[in-house]
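Peer 1: Take this structure first; my questions come after.
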Amino acid sequence: MNGMENETLTKPGKTKPGKKMDKTGEEASPVFATAARCFVLELLKIQEKVQQYKTIRYILRTLFEKNSVDTVNEAEEWLLDGLIQSPATTSSDDIINIVDRMADDVTRHLECAIADLPKHRKAACVMVTNDLLHEDLKGNKKMCNHLSKSGVPRILCDELLAIKFDWNVVATALKKEAGAAGTVAASLAENLFNYNLFVAILTFFTRYATSESGWNVLSELAVTEILAEMPVLTEPPKELFLKPQSVKTKGTAAHAYANALDLALHVCKQMCTKTKWKKLSLKVLAFIQRLGEVFQQLMRAEVNCDCLETAKAIVYEISINDESIIGAIDGDHVLRQLKKAEEAKSVKSNARKQFINVNSSFAAPRQLFSTLQPV
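Quick note: the sequence shown uses UniProt numbering, first residue 1, plus one each step.
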């Protein structure tokens, strides 16, 4: 991006931004330069590029910031899942400071470029933005604030509404992508591009909603209602109903769908982390209700999977914290089932260990989930 070359990653307390890196950085720079050139090679599969990107990021964090391995490797799939909340950090973190200083430039570049990018390039752009958001959320959330004043969230909502793909084709494409040889056919590739963009945008929304400004924008854009109208979510693969256990088998259409549905539910979950969450509680429940057949089938088949557990947790937490809609939950067969299933568990949802004030009113709304924990 414009201006990126003007920033230099440095060791805290050793050098200041704008000066040359130390000897260690100079020795490592050829490795990073070679890796960067690999990103543009068409021979590399997208999953290989993602893994390479993650590896470079880990090296940067350990080399220049001297973080522990546990701090750097926050989650195996942190780049794609969006479920891991950014940890607290100090103002001496140079990477965060660089993101903070470049927030305005990055946002303007993104706003100008993202709408015109070819579809097969957009997912990568959004994924890198997700990474920047992950860092921005540790600091002053300046990038989130700039994004809220831009048209980027609306553009991504429009992109989300335009996404169409076949789950069976996506499962086939993912198998080929993970294979050792062969290339993905054009028809498979198009479905895979749309799927990757879908996952990237859901991750973006989950992280973006962590900030107050992001939550307000996504609330105004009715993101939960957009999700409820997406055919890729409301029309699950037939395999899920014929073989519900297949949601736990990697490489199947049902497994890909269940993972994406869990991401969508985490967007809804994140929209329940601010003080005004009760304004959206009915809309969140409407989204879950819209997918009632999916959850009924999974409960009937006694399948334990992330998307079902997330749905149970959301319905249960809303039921004990928003008395005004208890009737709506108890009056719907699916929502009532999900609530009872969570109530029957000896240990309730891992989203919260202690429940908030059960008697909170709409006039004095409280947070539903204080933090997002890895599922």
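Ideal Cβ positions, reconstructed from N, Cα and C, are used throughout, including at glycine.
Compute the Euclidean distance between the alpha carbons of serine 213 and aspartate 116, then round it to the nearest angstrom.
Peer 2: 25 Å
Peer 1: DSSP state of isoleucine 163, grouped into three classes?
Peer 2: coil
Peer 1: Suppose only complete runs of 4+ residues qualify. What are the alpha helix (DSSP H) ranges in the segment 298-325, listed by chain order?
Peer 2: 306-321
Peer 1: With a cut-off of 8 Å on the beta carbons, I'd call methionine 271 and threonine 224 a contact; round off their distance for me.
Peer 2: 6 Å
Peer 1: Could you tell me the boundaries of the alpha helix (DSSP H) in which aspartate 262 lies?
Peer 2: 253-270
Peer 1: Would alanine 171 be called buried (16 or more neighbouring beta carbons within 10 Å of its own) or exposed?
Peer 2: buried
Peer 1: For glycine 216, name the three-state secondary structure that DSSP assigns.
Peer 2: Reading off the sequence shown, one finds asparagine at residue 216, where the question assumed glycine. Looking at asparagine 216 - three-state DSSP - the assignment turns out to be helix.
Peer 1: What's the C-alpha gap between residue 381 and arginine 101?
Peer 2: What is shown of the chain runs 1 to 375, which leaves residue 381 out entirely.
Peer 1: The alpha helix (DSSP H) spanning methionine 102 covers which residue range?
Peer 2: Unbroken alpha helix (DSSP H) run through methionine 102: 94-113.
Peer 1: Out of Ile318, Asn168 and Ala185, which one is the CA nearest neighbour of valine 284?
Peer 2: Ile318
Peer 1: With residue 378 as the anchor, note down where its alpha helix (DSSP H) starts and where it stops.
Peer 2: No answer is possible for residue 378: the residues shown for the chain start at 1 and end at 375.
Peer 1: Based on Cα-Cα distance, which residue from Pro236, Lys279 and Ile226 lies nearest to valine 259?
Peer 2: A small correction: the amino acid at residue 259 is asparagine; valine does not occupy that position in the sequence shown. Comparing Cα-Cα distances from asparagine 259 to each of Pro236, Lys279 and Ile226, the minimum goes to Pro236.
Peer 1: Would you mind sorting isoleucine 95 into buried or exposed? The rule is 16 or more other CB atoms within 10 Å of its CB.
Peer 2: buried
Peer 1: By Cβ distance below 7 Å, which residues in the same chain neighbour asparagine 191 in space, the five residues on each side in sequence not counted?
Peer 2: Phe165, Asp166, Val169, Val170 and Ala173
Peer 1: Determine the direct distance from the alpha carbon of glutamate 239 to that of valine 232, and round the result to whole angstroms.
Peer 2: 14 Å
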